[in-house]
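For reference, the structure is listed below as structure tokens.
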Amino acid sequence: MRHPPDEKADAAAFWTNRPRRAAVAGRQSGRPTALRDAMNEIVPTGQAAIDARAEAAKAHAETAAAHLELQRQADAAKAEFRAKMAEIEAAAAPVKAELNRLAEVEKTIDLYLGRDEDVVLLRDGAPAPAKTPLVIRSTVLYADEESLALLDRGGVDFRSMGDFLDWLVSAPENLDRVAPDQRCIVVVKPSRQGRDYGDAWTNATAMAENERPHWIIRNGERVYLLVTGGELNTGARIVPRVDEFTAMFTDRGVLLEPGSAAWVRAESLADAKRRHFMRLMLVIQGLVDRSACLLPQPDGGLNVMSLAAQDSGRVILLDEEAKALGDSRPRLRDGRQR
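Under the numbering used here, the first residue of the sequence shown carries the number 335, and numbering increases by one thereafter.
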């Protein structure tokens, strides 16, 4: 006797047996085998896999070796380039040194000849007698520390050097304060005070102008002015100290060992310092030889770099610090500090 169909049971049997029916259908159609074959072609197995890995390792090793070879060639090329540049620089070094020497000689000649410089007569009068010694004062002065001119406006700076020069020649005591010798040369700069001119660029420009050397040349009642370019940095002195050079070859009072690295450095510094003071002396010698500022001169003329002239007293390189001269004069900065 047949029972009516149970729909729920039939549905459960259908879903339970579906995977098995699919597998049977797949085996009958041959699709899994074809899929496995295709996958084996993409991802090799067995010996093919071993061969593939070996080929990959070989390719990687060849790539690494090629990279190393390229790096080696690049390093070799760089080394060769550096060696060539070193050879060129070594060959060019004497030429550069000679060019630098010639450039320095040219600048030195320009200093002596006074190119692009004007000598201005600030005050006329009778010159000093020919036998009057020429005193070159070592210490560089500052106009705002020597004069009370324009004190109510912050003192003298590069913009008001004309007022300082007017003050300098307005009274004998003013001239004697700055240039006390009958025939002498003194360098005066406008100011070394820190000032704010409004912005960084203007401050830098003003600082350079405040350091510009103004050479005061006194010859009896006559007073001349020479302004040199800012590239000629006089520093704090135009005459070296008595121990200026010997001090370079000592360390805490002990003489450096000749030939040592410290000694070689000291020689280099001493040579640079010697050239510096030589340039300053050439400015003065140029004035002596090519201008009327220091006429009349003694028989045979004046050579400010001659030891004979210095020993005879015709030229006096006055180291004010060593002789304790000049420092006793009250200056504006002293009053400010007090």
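Beta carbons: idealized from backbone N, C-alpha and C, even for Gly.
Note that this is a predicted model, so its numbers are computed, not measured.
* Nonlocal neighbours in the same chain, by C-beta distance under 7 Å from R670, ignoring five residues either side -> Its pLDDT being 43, under 50, R670 is placed unreliably by the model, and the measurement read from it follows with that caveat. No residues qualify anywhere along the chain.
* Please name the residue in G569, L566, N567, R599 whose C-alpha comes closest to that of A581. => Checking every option, the nearest Cα to that of A581 belongs to R599.
* Asked: Quick one, are the C-beta atoms of V521 and I650 less than 7 Å apart?
  -> Going by C-beta atoms, V521 is not nearer than 7 Å to I650.
* Report the rounded CA-to-CA distance for R577 versus L502, giving the unit in angstroms. => It is Asp, not Arg, that sits at residue 577 in the sequence shown. The alpha-carbon separation between D577 and L502 amounts to approximately 33 Å.
* Compare the beta carbon distance of V638 and M615 with 7 Å and say whether it is the shorter of the two. => Yes.
* Neighbourhood of P632 by C-beta, 8 Å cutoff - its chain only, sequence neighbours within 5 removed -> Excluding sequence neighbours, P632 sits near A464, K465, R648.
* To do: Specify, as a first and last residue, the run of the beta strand (DSSP E) that N553 falls within.
  => 548 to 553 is the extent of the beta strand (DSSP E) around N553.
* To do: With a cut-off of 8 Å on the beta carbons, I'd call R552 and D497 a contact; round off their distance for me.
  => Contact flag wrong, Cβ pair sits at about 19 Å.
* **Span separating the alpha-carbon of Q619 from that of D533** => Between the C-alpha atoms of Q619 and D533 there is a straight-line separation of about 40 Å.
* To do: Kindly indicate which three-state DSSP category L651 falls into: helix, strand or coil?
  => Here L651 sits in strand by DSSP.
* With a Cβ-Cβ cutoff of 7 Å, do L456 and L509 count as a contact? -> Against a cut-off of 7 Å, the Cβ pair of L509 and L456 comes out as no contact.
* Please work out which residues of its chain come closer than 7 Å, Cβ to Cβ, to M495, disregarding the five sequence neighbours upstream and downstream, and give them in chain order. => So the list reads A477, P524, H548, once near-sequence residues are dropped.
* Could you spell out the range, first to last residue, of the beta strand (DSSP E) harbouring L560? => Where L560 is concerned, the enclosing beta strand (DSSP E) stretches over 556 to 561.
* Curious, which full-length alpha helix (DSSP H) runs of at least 4 residues does the stretch 586 to 650 contain? -> Within the stretch 586 to 650, the complete alpha helix (DSSP H) runs of at least 4 residues fall at 595 to 624, 641 to 646.
* Simplified DSSP assignment, three categories, for T473 -> When DSSP states are grouped into helix, strand and coil, T473 belongs to the strand group.
* To do: Following the continuous alpha helix (DSSP H) through R511, name the residue where it begins and the one where it ends.
  => Looking at the DSSP string, the run of the alpha helix (DSSP H) that includes R511 is 506 to 512.
* To do: Throw me the rounded Cβ distance for the R289 and E654 pair, which I believe falls under 8 Å.
  => Absent from the model: residue 289. The displayed extent of the chain is 335 to 672, so no value can be given.
* **Pair within 7 Å by beta-carbon distance, L447 and V617** => Not a contact, by the Cβ cut-off of 7 Å.
* CB contact flag (V676, L560, <7 Å) -> Within the shown structure, residues of the chain are numbered from 335 to 672, placing residue 676 beyond reach of any answer.
* Work out the CA separation of A595 and A408 for me, nearest whole Å. => A408 and A595 have their C-alpha atoms some 38 Å from each other.
* To do: Kindly give me the distance between the Cβ atoms of V429 and A570, rounded to whole angstroms, as I take these residues to be in contact under 8 Å.
  => Taking a contact as a CB-CB distance under 8 Å, the pair V429 and A570 does not count as one, their CB atoms being some 36 Å apart.
* **P630 classed as buried or exposed, judged by whether at least 16 other C-beta atoms fall within 10 angstroms** => By the 10 Å Cβ count, P630 comes out exposed.
* CB of P467 within 7 Å of CB of G554, strictly -> Not closer than 7 Å, so no.
* Asked: Can you give the Cα-Cα distance for K392 and A410, rounded to whole angstroms?
  -> Roughly 27 Å separates the two Cα atoms.
* Asked: According to the neighbour-count rule (16 or more other Cβ atoms, all chains shown, within 10 Å of its Cβ), is W557 buried or exposed?
  -> It should be noted that the sequence gives Val, not Trp, for residue 557. Buried: at least 16 other Cβ atoms inside 10 Å.
* Asked: Do A604 and I550 have their C-beta atoms within less than 7 Å of each other?
  -> Taking 7 Å as the cut-off, the beta carbon of A604 is found no closer than this to the beta carbon of I550.
* E543 vs F492 beta-carbon contact at 7 Å -> In this structure, E543 lies near F492, with their beta-carbon atoms less than 7 Å apart.
* Pick helix, strand or coil for V429, following the three-state DSSP scheme. => In the displayed model, V429 falls within a helix according to three-state DSSP.
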